[in-house]
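Residue numbers (the numbering used here): 465 to 1056.
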């Protein structure tokens, strides 16, 4: 219904003639009012009806149905200044939609065919109403009702409009096709405690898990606070197994076990659950994993010589140890992947797992991040960069995302893991589904080794890509779990990106680093767990530490008390951005 090579756009140069001068091919406006309203018709046929009257057959220039008008020979009419090829103008009738059952995802194409310069407008049905198919961030409104759409179709031929309904395609399940991915299990180990229950309750209550580092190895450091897990993870695992895992791997195994059980699988792993281990994968993000192992090995080398260094030093140092230990613990043989992209590692690991399931490489994946880098050397390095916040945790969270007085992040540790499955796999076993892992987006700032691009352009690109990958529109976004490390420049760049992408809509935004500190490569995994719980419970946790929002932030930051999740939309975004310009965004969709 758009312009074709045979029906080029017609320049409109109106002038008046008598009806007797009209010939087939003329572009005609029967009255001055029609011309003023850009209502033109192609004369397809003329027939003398009497010595005084000519009967003309008219058709909209972009296609439509014919109608006839009787004109006096001396009647003045307006023509457009050129003729059209009558054979190139299609005869099109708009179908009646009275008995049509509409579904979300249906499309409606509308073309004002009487205007040669008109462009086709497409509407998409979302959440029971029809919205213009546009990425304009403020183009939401209340939408158009089904009744209005049916009225459009009924009146289309008379009004010179062509309406076409395009039902949402129904595709049969294909093993090699892109599959829908859902979240069925959650696990977390964080500074708020062990388990997703401790995490979620602490978020809603506005508690934080930032503590003073009392060990003497931290003596002399300019900053001695961090978000540390309050229990020793080794004490929650069999002693022999724990000795062969670094601290990050211990976190990962505990979180993975919880997520596996939460998804309804049997304790022990794939064999006990009757699941083919080759169809299950692991995808975890980490920056260093556990830096203390390498530091400890170097210390023992200096103190005791080569014989004092444990043979487990190297396998316990590599960032991939968390993924391999989860694979060993649950007997997962499909794959064990590790993603290292600075603080975006956890989110990117989840995104990669989504794609592995989408395209049939595996049916189930445990995905997220794990990190344990609260060590003297790392703390000293961050302090030398002047990136760390100070303060007394007893007086409230020293990490203040989006706040007017924010002055740096708080280093942290932990793990967050999601169980992802293809929807058909989850439905076939009767699993509880939290939400859909609908899409994800990546980008790179290409700006600086540590500082974010102040324009926020790279972040904005990742946001748009995540929404597009989810098959959604920017107006579908109802909440953002922000990366917001509480650094001056980082928070501002993210805020600029969000405002630029989402427009002037006040989408509720929350940031969790006031509760937890910055969990580095694990941050994306833990924040994705929180984003899933936000969708599941319909509650947005408040942002801790933000007593006064910086005026330059210009976002609707949720503070004080939890807020109900808006109902008009279905996408939640979880953001992660890292040193070197790594940007990753996960899009989660509410399941009806």
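Every residue gets a Cβ at the ideal spot worked out from N, C-alpha and C, and that includes glycine.
Selection from the options that minimises the alpha carbon distance to residue i
i: residue 1048; options: 526, 749, 680 and 856; result: 749
i: residue 1023; options: 1012, 1032, 1006 and 1031; result: 1006
i: residue 536; options: 520, 524 and 529; result: 520
i: residue 1057; options: 919, 542, 682 and 852; result: The shown model of the chain, from 465 to 1056, leaves out residue 1057, and the question about it has no answer.
i: residue 497; options: 509, 486 and 478; result: 478
i: residue 683; options: 476, 840 and 662; result: 840
i: residue 597; options: 999, 935 and 1056; result: 935
i: residue 516; options: 522, 483 and 824; result: 483
i: residue 1032; options: 817, 763, 1053 and 1025; result: 1053
i: residue 937; options: 670, 774 and 587; result: 587
i: residue 630; options: 583, 565, 662 and 668; result: 565
i: residue 780; options: 755, 804, 793 and 771; result: 755
i: residue 980; options: 791, 762, 863 and 534; result: 863
i: residue 567; options: 946, 632 and 664; result: 632
Residue j beta carbon less than 7 Å from that of residue i
i: residue 978; j: residue 954; result: no
i: residue 876; j: residue 691; result: yes
i: residue 685; j: residue 843; result: yes
i: residue 1004; j: residue 1035; result: no
i: residue 826; j: residue 743; result: yes
i: residue 746; j: residue 830; result: yes
i: residue 973; j: residue 944; result: yes
i: residue 529; j: residue 574; result: no
i: residue 961; j: residue 924; result: yes
i: residue 808; j: residue 1046; result: yes
i: residue 673; j: residue 700; result: no
i: residue 802; j: residue 783; result: yes
i: residue 617; j: residue 607; result: no
i: residue 1044; j: residue 813; result: no
i: residue 687; j: residue 847; result: yes
i: residue 715; j: residue 653; result: yes
i: residue 550; j: residue 510; result: no
i: residue 591; j: residue 997; result: no
i: residue 885; j: residue 828; result: yes
For residue i, the residue or residues it bridges with in DSSP
i: residue 807; result: 805
i: residue 1037; result: 944 and 1051
i: residue 586; result: 573
i: residue 682; result: None, per the DSSP bridge assignment.
i: residue 598; result: BP columns for residue 598 are empty, so no partner.
i: residue 689; result: 676
i: residue 873; result: 852
i: residue 747; result: 801 and 831
i: residue 754; result: 836
i: residue 535; result: 518
i: residue 899; result: 647
Inter-residue spacing [alpha-carbon to alpha-carbon] between residue i and residue j
i: residue 634; j: residue 1038; result: 29 Å
i: residue 495; j: residue 570; result: 38 Å
i: residue 471; j: residue 553; result: Reliability fails at residue 471, whose pLDDT of 47 lies under 50, so the model's placement of it is uncertain and the value that follows must be treated cautiously. About 7 Å.
i: residue 1014; j: residue 865; result: 10 Å
i: residue 958; j: residue 871; result: 16 Å
i: residue 855; j: residue 676; result: 10 Å
i: residue 707; j: residue 778; result: 14 Å
i: residue 1058; j: residue 726; result: Outside the displayed range of the chain (465 to 1056) lies residue 1058, so it cannot be described from this structure.
i: residue 983; j: residue 694; result: 14 Å
i: residue 757; j: residue 985; result: 17 Å
i: residue 949; j: residue 873; result: 5 Å
i: residue 637; j: residue 859; result: Confidence in residue 637 is poor, its pLDDT being 47 and thus under 50, which makes the residue's placement too unreliable to answer from.
i: residue 810; j: residue 989; result: 5 Å
i: residue 647; j: residue 786; result: 21 Å
i: residue 640; j: residue 821; result: Interpretation of residue 640 is limited by its pLDDT of 46, a score under 50 that renders its predicted location unreliable; no figure is taken from the coordinates.
i: residue 889; j: residue 927; result: 29 Å
i: residue 465; j: residue 908; result: Low confidence applies here, because residue 465 scores a pLDDT of 47, under 50, leaving its location unreliable; read the following figure in that light. In a straight line, the C-alpha of residue 465 is about 39 Å away from that of residue 908.
i: residue 582; j: residue 525; result: 10 Å
i: residue 584; j: residue 625; result: 10 Å
i: residue 772; j: residue 704; result: 20 Å
i: residue 788; j: residue 760; result: 21 Å
i: residue 513; j: residue 522; result: 16 Å
i: residue 845; j: residue 836; result: 15 Å
i: residue 563; j: residue 896; result: 35 Å
i: residue 620; j: residue 816; result: 47 Å
i: residue 917; j: residue 869; result: 21 Å
i: residue 697; j: residue 667; result: 21 Å
i: residue 614; j: residue 946; result: 41 Å
Check: residue i C-beta below 6 Å from any heavy atom of the ligand SAM
i: residue 920; result: As presented, the structure is devoid of all ligands, the ligand SAM included, so that no description of it is given.
Inset, instruction - Could you say if the region 879-886 and the region 714-721 meet the contact criterion of at least three C-beta pairs nearer than 8 Å? - result: yes
Inset, instruction - Taking 8 Å as the threshold, find out whether the region 899-908 comes into contact with the region 1007-1025 through three or more Cβ pairs. - result: no
Legend entry - Touch test, the region 750-762 against the region 792-801, Cβ-Cβ under 8 Å, three pairs minimum: no
Legend entry - Segment contact flag, the region 503-518 with the region 566-581, C-beta cutoff 8 Å, min 3 pairs: yes
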